[in-house]
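These notes concern the structure reproduced below.
Number of protein chains: 2
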Amino acid sequence: MTDQQLTILVTNDDGITAPGIKNLVQVMKGLGKVIIVAPDSPQSGMGHAVTITRPIRLEKVDMFEGVESYECSGTPADCVKLAVDQVLHQKPDLVVSGINHGSNASINVLYSGTMSAAIEGAIEGIPSIGFSLTDYSRHADFAPALPFIKKITQNVLANGLPDGTLLNVNIPKPDDGVIKGIKICRQAKAKWEENFAERVDPHGRNYYWLVGIFKDYDHGADTDLRALSEGYISVVPTLFDLTAHHFIMNLNSWDLNE
Amino acid sequence: MTDQQLTILVTNDDGITAPGIKNLVQVMKGLGKVIIVAPDSPQSGMGHAVTITRPIRLEKVDMFEGVESYECSGTPADCVKLAVDQVLHQKPDLVVSGINHGSNASINVLYSGTMSAAIEGAIEGIPSIGFSLTDYSRHADFAPALPFIKKITQNVLANGLPDGTLLNVNIPKPDDGVIKGIKICRQAKAKWEENFAERVDPHGRNYYWLVGIFKDYDHGADTDLRALSEGYISVVPTLFDLTAHHFIMNLNSWDLNE
């Protein structure tokens, strides 16, 4: 059942031509009136970047049948800002971002352009969800994920989300192709063990490529990485209030004003 | 008293030539052995971006008397990663980022390259602090801030910070030039009311500049914006675990797996 009264803004960080956004649009078309404002080129790893020192282009495109869509030269966060201010001229009922090609579980939420678009939506007070598939391939199979994405989105539309809270949804790619279900999780304590591959250019100057191995240091049963490793979709309720509230009392005992 | 056993990594997002980093280095030279790895160009608004699709340059420079320093073509987060992996080959005892030219209070923590460098330090398990002055001018007067920056840093070195927690320090520019003291705060609920200035280029194509007015919607007495408006330095303990832990119980009652 489509509720044409609902306006759903769809964006991503892999760019408007990525298969992931096409799949997300397919699901959302069944739930409301879809508008697409997405980057004109891949923006992976952009974190919560915004474009302040360069002008931003916004062009109407005809790439999605029956769906008003725009490509934007800015970041995913820019896309949400522009969509609200220059395209919709009002807030949509929902912002969905993705489906990202690659995991945004654990600490990757911080580096993620996909999640920054959803965070931007939440800052605007709009219920927002970021969807990611743990498969970097351009030829990833999104089909098993789609019914789950629909279910999660329907729940958000029915229940709402508290002010300042959005959802970070990551979808596994199980070996047998079967997703086991959905688990509510917390962000795992994990990190990239970085190293840099050093190269020499034809002019004899060094340069570096960022490479790294992702390591999970969290033994908890309730983490997003654990759920994904067991074949479940992880749903992490996510805040943009970064205050460490529990540490304020301790800090107030420091010798700062003597 | 300088403790030459302590290694302090200094970075920023305004670039290695900005006056802010010069001031921060001056303070840190009194506290330990300083190493600088900072962007070779301004990176404001870069959020927690990392450079994964382009190679990164790292060049030794001679800009700070008696201090080993490097400029890097990457983002502030890249600078911290490269410093640990390719320059220091071990973790420093402290990461300080700034002094940013402009506020990173409230929601600006998310857009801030300055804070992303400090967050990157915290992810690495290093005590980390981001410093910002609420004055965008290249000719900002950092002098009144310096004794407070020293005091806060000494406290961090003496007391440590809990795992996963860093400090977001914002420094006001009071009309009378007198900073009243330091307050421990939480992140204010505020946001940019965006609008975009539309322009037409010489070829007749539209483009947009991101502009906006920052609005404080938080009436609390304990916010960073309130402290700054009253002439105090705000210190917000900051997390990179974005999980909305209090909402997990509620989400577990949703109809997601039926």
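One line per chain: the protein sequences are A and B, in this order.
Sequential numbering of the first sequence, starting at 53, is according to the numbering used here.
Sequential numbering of the second sequence, starting at 53, is according to the numbering used here.
Beta carbons: idealized from backbone N, C-alpha and C, even for Gly.
Residue-level contact to chain B via CB, residue i, 8 Å cutoff
{"i": "R109(A)", "result": "yes"}
{"i": "H297(A)", "result": "yes"}
{"i": "N64(A)", "result": "no"}
{"i": "R251(A)", "result": "yes"}
{"i": "R238(A)", "result": "yes"}
{"i": "L58(A)", "result": "no"}
{"i": "F116(A)", "result": "no"}
{"i": "K203(A)", "result": "yes"}
{"i": "L76(A)", "result": "no"}
{"i": "I104(A)", "result": "yes"}
{"i": "S175(A)", "result": "Note that residue 175(A) corresponds to Ile in the displayed sequence, not to Ser. Cβ-Cβ to chain B under 8 Å: yes for I175(A)."}
{"i": "N222(A)", "result": "no"}
Residue i vs residue j beta-carbon contact at 8 Å
{"i": "I108(B)", "j": "S125(B)", "result": "yes"}
{"i": "K225(A)", "j": "E246(B)", "result": "no"}
{"i": "P144(A)", "j": "I60(A)", "result": "yes"}
{"i": "L140(B)", "j": "I181(B)", "result": "no"}
{"i": "F200(A)", "j": "I234(A)", "result": "yes"}
{"i": "V119(B)", "j": "V77(B)", "result": "yes"}
{"i": "G216(A)", "j": "D114(A)", "result": "no"}
{"i": "N75(A)", "j": "I151(A)", "result": "yes"}
{"i": "A70(B)", "j": "C131(B)", "result": "no"}
{"i": "D92(A)", "j": "G67(A)", "result": "yes"}
{"i": "I236(A)", "j": "I300(B)", "result": "yes"}
Candidates the options: closest to residue i by CA position
{"i": "D274(A)", "options": "P128(A), G150(A) and V288(A)", "result": "V288(A)"}
{"i": "L277(B)", "options": "I223(B), W261(B), I68(B) and G177(B)", "result": "I223(B)"}
{"i": "Y259(B)", "options": "F248(B), K267(B) and Y269(B)", "result": "F248(B)"}
{"i": "V129(A)", "options": "V147(A), K203(A), L308(A) and N309(A)", "result": "Correcting the residue type first, residue 129(A) is Ala in the shown sequence and not Val. Per the Cα distances, V147(A)."}
{"i": "A157(A)", "options": "K267(A), E310(A) and L303(A)", "result": "K267(A)"}
{"i": "E123(B)", "options": "R251(B), V62(B) and N220(B)", "result": "V62(B)"}
{"i": "K241(B)", "options": "D227(B), L162(B), W306(B) and P71(B)", "result": "L162(B)"}
{"i": "I175(A)", "options": "S164(B), P94(B), N160(B) and L303(B)", "result": "N160(B)"}
{"i": "Y188(B)", "options": "G272(B), L308(B) and P94(B)", "result": "P94(B)"}
{"i": "I104(B)", "options": "D307(A), W261(A), N309(A) and L308(A)", "result": "W261(A)"}
{"i": "N207(B)", "options": "A101(A), N309(A) and H100(A)", "result": "N309(A)"}
{"i": "D227(B)", "options": "N220(B), D307(B), S281(B) and I171(B)", "result": "S281(B)"}
{"i": "L303(B)", "options": "N302(A), E250(A), M167(A) and A210(A)", "result": "A210(A)"}
{"i": "I285(B)", "options": "P254(B), R190(B) and L198(B)", "result": "L198(B)"}
Distance between beta carbons of residue j and residue i, contact taken as under 8 Å
{"i": "L58(B)", "j": "G82(B)", "result": "Not a contact, Cβ separation roughly 11 Å."}
{"i": "A169(B)", "j": "S149(B)", "result": "4 Å"}
{"i": "T186(B)", "j": "G154(B)", "result": "7 Å"}
{"i": "W244(A)", "j": "G264(A)", "result": "4 Å"}
{"i": "T295(B)", "j": "T295(A)", "result": "Contact doesn't hold; Cβ gap of about 13 Å is too wide."}
{"i": "K203(B)", "j": "G283(B)", "result": "Not confirmed; about 16 Å, so no contact."}
{"i": "D65(A)", "j": "G165(A)", "result": "3 Å"}
{"i": "L110(A)", "j": "Q142(A)", "result": "In fact, because the Cβ distance is near 17 Å, the residues do not count as touching under 8 Å."}
{"i": "A101(A)", "j": "A101(B)", "result": "5 Å"}
{"i": "H271(B)", "j": "R238(A)", "result": "Rounded, the Cβ-Cβ distance is 30 Å, inconsistent with contact."}
Residue i: contacting residues in chain B (beta-carbon distance under 7 Å)
{"i": "D14(A)", "result": "The structure shown has nothing for residue 14(A), since chain A only spans 53 to 310."}
{"i": "P199(A)", "result": "Going along chain B, no residue has its Cβ under 7 Å from P199(A), so there is no contact; the nearest lies around 12 Å."}
Any C-beta of chain A under 8 Å from that of residue i
{"i": "N43(B)", "result": "This structure does not reach residue 43(B), given that chain B is present from 53 up to 310, and the question cannot be answered."}
{"i": "M53(B)", "result": "Caution applies to M53(B), whose pLDDT of 49 falls short of 50 and renders its modelled position unreliable; the value that the coordinates give is listed next. Taking Cβ atoms only, chain A never reaches closer than 8 Å to M53(B), which makes this a no."}
{"i": "P254(B)", "result": "no"}
{"i": "K267(B)", "result": "no"}
{"i": "G212(B)", "result": "no"}
{"i": "P128(B)", "result": "no"}
{"i": "V287(B)", "result": "yes"}
{"i": "L61(B)", "result": "no"}
{"i": "L280(B)", "result": "no"}
{"i": "T290(B)", "result": "yes"}
{"i": "K243(B)", "result": "yes"}
{"i": "I68(B)", "result": "no"}
Cross-chain neighbours of residue i in chain A, by beta carbon under 8 Å
{"i": "D137(B)", "result": "E246, N247 and F248"}
{"i": "P196(B)", "result": "Within 8 Å Cβ-Cβ: nothing; P196(B) doesn't reach chain A, min ~15 Å."}
{"i": "G272(B)", "result": "Under the 8 Å cutoff, chain A gives no residues; its nearest Cβ is about 11 Å from G272(B)."}
{"i": "D92(B)", "result": "Within 8 Å Cβ-Cβ: nothing; D92(B) doesn't reach chain A, min ~13 Å."}
{"i": "T217(B)", "result": "A296 and F299"}
Chain-ordered chain B contacts of residue i [CB-CB under 8 Å]
{"i": "Y260(A)", "result": "P107, I108, R109, L110, L134 and Q138"}
{"i": "D187(A)", "result": "Within 8 Å Cβ-Cβ: nothing; D187(A) doesn't reach chain B, min ~17 Å."}
{"i": "L83(A)", "result": "Correct list: empty, because the minimum Cβ distance to chain B is about 16 Å."}
Contacts of residue i in chain A (Cβ-Cβ under 9 Å)
{"i": "F183(B)", "result": "In chain order: nothing, as chain A lies at least about 14 Å away."}
{"i": "G233(B)", "result": "L308 and N309"}
Any non-hydrogen atom of the ligand SAH closer than 7 Å to residue i Cβ
{"i": "F116(B)", "result": "Absence of the ligand SAH is noted for the structure shown, with no ligands found whatsoever."}
Contacts that residue i makes with chain B (C-beta to C-beta distance below 9 Å)
{"i": "I171(A)", "result": "L162 and L294"}
Give the residues from the region 143–163 of chain B that approach chain E closer than 9 Å (Cβ to any Cβ), ordered along the chain. Looking for chain E here will not work: the only protein chains present are A and B.
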